[in-house]
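Asks: So for the sequence shown, this note's numbering puts the first residue at 960; every next one is plus one. Note that CB positions come from ideal geometry on N, CA and C, so glycine has one too.
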Amino acid sequence: MPTLRELREGAVLSQQDLAELAGVARTTISDFERGQRKKPHPRTIRRLAKALGCKPQEVAIAVSQAGSRG
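1. Roughly how many angstroms lie between the CA atoms of Ala-990 and Leu-980, to the nearest whole one?
2. What whole-angstrom Cβ distance do Lys-997 and Ser-1023 have, given they're in contact under 8 Å?
3. For Ala-933, which residues of its own chain have a beta-carbon under 7 Å away from its beta-carbon, when the five flanking residues on both sides are left out?
4. In angstroms with no decimal places, state the Cα-to-Cα distance between Arg-1006 and Gly-1012.
5. Tell me, to the nearest whole angstrom, how far the beta carbon of Gly-994 is from that of Ala-1025; I am working on the premise that it is less than 8 Å.
Take a look at the structure:
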């Protein structure tokens, strides 16, 4: 499964773009991508999924994998 960063880059969005579309702070996106936050609120997952054009389950898995690669 792709990481949140991979989903974001696949959607050709910057962290700032995704943050604005999802209604969260850019630092929140950065924290998710670095694995600093692993349990986003379900509403945040839904907003990220809508902004990325994917399923909420994909976002939840992507966030849980952050920081665990390479």
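Replies: Once the coordinates are examined:
1. Per the sequence shown, the amino acid found at residue 990 is Asp instead of Ala. About 17 Å.
2. Contact between Lys-997 and Ser-1023 holds: their C-beta atoms lie close to 6 Å from each other, under 8 Å.
3. Since the displayed the chain opens at 960 and closes at 1029, residue 933 lies outside it and no answer follows.
4. C-alpha separation (whole angstroms): 10 Å.
5. Correct: roughly 4 Å between the Cβ atoms.
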